[in-house]
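Enquirer: Heads up: the sequence shown runs through residues 239 to 471, numbered per the numbering used here.
Heads up, the beta-carbon is just placed ideally off N, CA and C, and yes, glycines get one too.
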Amino acid sequence: LPPARPWPGLSQSPDWSHPFLSQSPCWSHPFLSQQETVECLKKFNARRKLKVSLGGGGQGGVVAVSRPRPGGLVSPRPVLPHTGPILWFGAVTPPCPPPARKQEIIKITEQLIEAVNNGDFEAYAKICDPGLTSFEPEALGNLVEGMDFHRFYFENLLSKNNKPIHTTILNPHVHVIGEDAACIAYIRLTQYLDAQGRPRTSQSEETRVWHRRDGKWQNVHFHGSGAPVAPLQ
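#1: Comparing C-alpha positions only, which one of V354, E342, E374 and L431 sits nearest to S397?
#2: Quick check on this structure: which residue in A361, A465, A338 and L395 has the alpha carbon closest to the alpha carbon of Q441?
#3: Using DSSP with H/G/I as helix, E/B as strand and the rest coil, what is K345?
#4: Quick check on E444: buried or exposed, where buried means 16 or more other Cβ atoms within 10 Å of its Cβ?
#5: Could you check which residue in L395, N399, Y362 and E348 has the C-alpha nearest to that of G384?
#6: Excluding the 5 residues flanking S372 on each side, which residues of the same chain have their C-beta closer than 6 Å to its C-beta?
#7: For F387 and F359, which I take to be in contact (beta-carbon distance under 8 Å), what is that distance rounded to the nearest angstrom?
#8: Buried or exposed: which applies to E374, given that a residue is buried once 16 or more other Cβ atoms fall within 10 Å of its Cβ?
#9: Can you tell me whether Q471 is buried or exposed, with buried defined as 16 or more other CB within 10 angstroms of its CB?
#10: Okay, do the region 445-459 and the region 414-424 touch, 3+ Cβ pairs below 8 Å being the bar?
#11: Using the Cα positions of D432 and I425, report the straight-line distance between them to the nearest angstrom.
#12: I believe I365 touches T405 by the beta-carbon criterion, under 8 Å. Please report the beta-carbon distance rounded to the nearest angstrom.
#13: Please classify R436: does DSSP put it in a helix, a strand, or coil?
#14: Using DSSP with H/G/I as helix, E/B as strand and the rest coil, what is K401?
#15: Which word fits I403, buried or exposed, when buried means at least 16 other C-beta atoms lie within 10 angstroms of its C-beta?
#16: Check G462 in the structure and name its three-state DSSP category.
#17: Cα separation between Q434 and R339?
Dropping the structure here:
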């Protein structure tokens, strides 16, 4: 048989040392038909493009390469590179504050109310911040700042009361805000004797904001609603 006519796309002296040419079964024989030569060239071209694409394509990023199409073409799809840390946005439940902290806030609130019931302004002032702000029924809806407003009731009424007063804190809810701040909301029931000696009960809804300074809790804000605290009625 006459030798096959060389394909125009090949040089007269191909580089037979190339791994694809030396190891490929297509080139195990130096003479191939025209169709076999075309198929081998397509495969070689596809592998060469695949290698270039995997090298980054000069873009400095990551390139995803699809499988070669029947026509020998490769369609690279650029993928945005990820340069930052991987973040997890799953639901994270913050740790609950220790029960001891909540009990500490409830206890200091009880001590403050006990100072009010006993008419002890000195003990009350030690627990409260000098710039205490408050909304309470006695202030008729106005914001009061400082201790002078409260001192008036201690000196003219609470300290002179000789009748028993009993206070109960119902449903206290404590919100711990960091290491040095907390808020407590509760219902305050106060039992007392009126001017005729008859037992009465008053109710108020109160919220107190506490701030710890130098290791001591101080009441920095107070909000009360409902009836005035007995025995102010």
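Expert: In this structure, then:
#1: V354
#2: Measuring from the Cα of Q441, the nearest candidate turns out to be A465.
#3: helix
#4: buried
#5: Y362
#6: V382 and F460, listed in sequence order.
#7: Between F387 and F359 the beta-carbon gap is near 12 Å, outside 8 Å, which marks them as no contact.
#8: buried
#9: Note that Q471 scores a pLDDT of 42, beneath 50, so its modelled location is shaky and nothing firm can be said.
#10: yes
#11: 21 Å
#12: Between T405 and I365 the Cβ distance is about 15 Å, and since that is not below 8 Å, they are no contact.
#13: coil
#14: Assigned with DSSP and collapsed to three states, K401 falls in coil, not helix or strand.
#15: buried
#16: Shown here, G462 sits in a strand according to DSSP, grouped into three states.
#17: Between Q434 and R339, the C-alpha separation is close to 42 Å.
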